[in-house]
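Residue numbers (the numbering used here): 76 to 206. Heads up: the structure comes next, in C-alpha coordinates.
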(Lines of atoms letter the chains of each structure in order from A; the text may use other names.)
(Lines give C-alpha, C1' and ligand atoms only; values in the text may rest on other atoms or scores of the structure.)
Protein backbone atom coordinates (compact mmCIF):
# COMPACT_ATOMS: atom_id res chain seq x y z
CA UNK A 76 0.00 0.00 0.00
CA UNK A 77 2.83 2.42 0.85
CA UNK A 78 4.46 1.72 -2.52
CA UNK A 79 1.17 2.45 -4.29
CA UNK A 80 0.81 5.77 -2.41
CA UNK A 81 4.38 6.70 -3.31
CA UNK A 82 3.76 5.93 -6.98
CA UNK A 83 0.56 8.01 -6.89
CA UNK A 84 2.41 10.89 -5.24
CA UNK A 85 5.15 10.80 -7.88
CA UNK A 86 2.54 10.72 -10.63
CA UNK A 87 0.70 13.72 -9.15
CA UNK A 88 3.79 15.84 -8.54
CA UNK A 89 5.65 14.88 -11.70
CA UNK A 90 9.02 13.27 -11.85
CA UNK A 91 10.96 15.47 -14.24
CA UNK A 92 12.77 18.69 -13.34
CA UNK A 93 11.38 20.44 -16.42
CA UNK A 94 7.79 19.84 -15.28
CA UNK A 95 8.28 22.46 -12.55
CA UNK A 96 8.63 25.25 -15.10
CA UNK A 97 5.90 26.72 -17.28
CA UNK A 98 8.44 28.08 -19.74
CA UNK A 99 12.18 28.39 -20.27
CA UNK A 100 12.01 31.90 -18.78
CA UNK A 101 10.93 30.39 -15.45
CA UNK A 102 14.42 28.90 -15.14
CA UNK A 103 15.65 32.36 -14.19
CA UNK A 104 13.64 32.37 -10.94
CA UNK A 105 15.86 31.82 -7.92
CA UNK A 106 19.05 32.99 -6.24
CA UNK A 107 22.15 33.59 -8.35
CA UNK A 108 25.75 34.54 -7.62
CA UNK A 109 28.38 36.22 -9.77
CA UNK A 110 32.04 36.45 -8.71
CA UNK A 111 33.93 39.50 -9.98
CA UNK A 112 37.60 39.18 -10.99
CA UNK A 113 38.52 40.90 -7.70
CA UNK A 114 36.82 38.05 -5.76
CA UNK A 115 33.81 40.11 -4.63
CA UNK A 116 30.50 38.27 -4.99
CA UNK A 117 27.20 39.76 -6.12
CA UNK A 118 24.01 37.95 -5.11
CA UNK A 119 20.83 38.42 -7.11
CA UNK A 120 17.40 36.99 -6.33
CA UNK A 121 14.85 36.90 -9.17
CA UNK A 122 11.36 36.28 -7.83
CA UNK A 123 8.40 34.66 -9.59
CA UNK A 124 6.39 37.89 -9.24
CA UNK A 125 8.83 39.79 -11.51
CA UNK A 126 10.77 41.56 -8.76
CA UNK A 127 14.48 41.27 -8.04
CA UNK A 128 17.02 42.34 -5.43
CA UNK A 129 20.80 42.35 -5.73
CA UNK A 130 23.53 42.67 -3.12
CA UNK A 131 26.96 43.76 -4.35
CA UNK A 132 29.45 44.44 -1.53
CA UNK A 133 27.64 47.20 0.46
CA UNK A 134 25.14 48.08 -2.25
CA UNK A 135 21.54 46.85 -2.30
CA UNK A 136 19.51 47.42 -5.46
CA UNK A 137 15.99 46.29 -6.23
CA UNK A 138 13.53 46.52 -9.05
CA UNK A 139 11.42 44.62 -11.53
CA UNK A 140 12.28 42.41 -14.49
CA UNK A 141 10.65 40.90 -17.52
CA UNK A 142 11.76 38.11 -19.84
CA UNK A 143 10.84 38.15 -23.52
CA UNK A 144 11.12 34.55 -24.65
CA UNK A 145 12.55 33.51 -27.99
CA UNK A 146 12.23 30.16 -29.71
CA UNK A 147 15.97 30.33 -30.39
CA UNK A 148 16.66 29.91 -26.64
CA UNK A 149 18.31 33.32 -26.45
CA UNK A 150 15.84 35.37 -24.41
CA UNK A 151 15.81 39.09 -23.69
CA UNK A 152 15.94 40.05 -20.00
CA UNK A 153 14.90 43.58 -19.12
CA UNK A 154 15.79 44.92 -15.66
CA UNK A 155 14.39 48.13 -14.18
CA UNK A 156 16.04 49.41 -11.00
CA UNK A 157 13.68 51.33 -8.73
CA UNK A 158 15.62 51.46 -5.46
CA UNK A 159 19.23 51.65 -4.35
CA UNK A 160 20.93 52.39 -1.02
CA UNK A 161 23.71 54.33 -2.87
CA UNK A 162 26.53 52.39 -1.20
CA UNK A 163 29.73 51.06 -2.79
CA UNK A 164 29.36 47.97 -4.99
CA UNK A 165 31.83 45.23 -5.98
CA UNK A 166 33.32 47.43 -8.70
CA UNK A 167 33.89 50.37 -6.35
CA UNK A 168 31.00 52.46 -7.70
CA UNK A 169 28.84 54.29 -5.17
CA UNK A 170 25.95 55.45 -7.31
CA UNK A 171 23.87 53.21 -9.50
CA UNK A 172 21.05 54.49 -11.61
CA UNK A 173 17.70 54.38 -9.91
CA UNK A 174 14.85 54.15 -12.40
CA UNK A 175 17.35 52.90 -14.97
CA UNK A 176 16.71 50.13 -17.46
CA UNK A 177 19.23 47.50 -18.53
CA UNK A 178 18.70 44.71 -21.00
CA UNK A 179 20.64 41.55 -21.71
CA UNK A 180 20.24 38.50 -23.86
CA UNK A 181 20.34 35.37 -21.72
CA UNK A 182 20.52 31.66 -22.28
CA UNK A 183 20.40 28.80 -19.80
CA UNK A 184 22.40 25.65 -19.13
CA UNK A 185 19.66 23.06 -19.63
CA UNK A 186 21.75 20.14 -18.47
CA UNK A 187 21.87 21.23 -14.83
CA UNK A 188 19.67 24.37 -14.76
CA UNK A 189 22.23 25.94 -12.41
CA UNK A 190 23.84 28.44 -14.75
CA UNK A 191 22.62 31.50 -16.64
CA UNK A 192 24.69 33.32 -19.23
CA UNK A 193 24.21 37.04 -19.86
CA UNK A 194 25.23 38.44 -23.23
CA UNK A 195 25.69 42.20 -22.78
CA UNK A 196 25.89 44.18 -26.00
CA UNK A 197 29.27 45.74 -25.21
CA UNK A 198 30.96 43.36 -22.76
CA UNK A 199 32.07 39.74 -22.44
CA UNK A 200 29.62 37.01 -21.41
CA UNK A 201 28.70 37.11 -17.72
CA UNK A 202 27.92 33.75 -16.13
CA UNK A 203 25.95 33.50 -12.90
CA UNK A 204 25.48 30.31 -10.93
CA UNK A 205 22.47 29.15 -8.96
CA UNK A 206 23.05 29.61 -5.27
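Where a beta carbon is used, it is the ideal one built from N, C-alpha and C, also for glycine. Given the structure is predicted, the values throughout are model-derived calculations rather than measurements.
Whether residue i touches residue j by CB criterion (8 Å)
{"i": "residue 176", "j": "residue 140", "result": "no"}
{"i": "residue 151", "j": "residue 178", "result": "yes"}
{"i": "residue 114", "j": "residue 136", "result": "no"}
{"i": "residue 169", "j": "residue 111", "result": "no"}
{"i": "residue 174", "j": "residue 134", "result": "no"}
DSSP-derived helix/strand/coil call for residue i
{"i": "residue 222", "result": "Here the chain has residues from 76 to 206 only, and residue 222 is not among them."}
{"i": "residue 133", "result": "coil"}
{"i": "residue 103", "result": "helix"}
Cβ-heavy atom distance, residue i to the ligand ATP, below 7 Å
{"i": "residue 204", "result": "With respect to the ligand ATP, the structure offers nothing, as it holds no ligand at all."}
Span of the beta strand (DSSP E), counted from its first residue to its last, around residue i
{"i": "residue 160", "result": "From DSSP, residue 160 is part of no beta strand (DSSP E); its letter is neither H nor E."}
{"i": "residue 205", "result": "201-205"}
{"i": "residue 123", "result": "First-last for residue 123: undefined, no H or E at that position."}
C-alpha distance - residue i paired with residue j, whole-angstrom precision
{"i": "residue 123", "j": "residue 143", "result": "15 Å"}
{"i": "residue 182", "j": "residue 130", "result": "22 Å"}
{"i": "residue 192", "j": "residue 104", "result": "14 Å"}
Assigned exposure category for residue i - 16 Cβ within 10 Å defines buried
{"i": "residue 117", "result": "buried"}
{"i": "residue 125", "result": "exposed"}
{"i": "residue 203", "result": "buried"}
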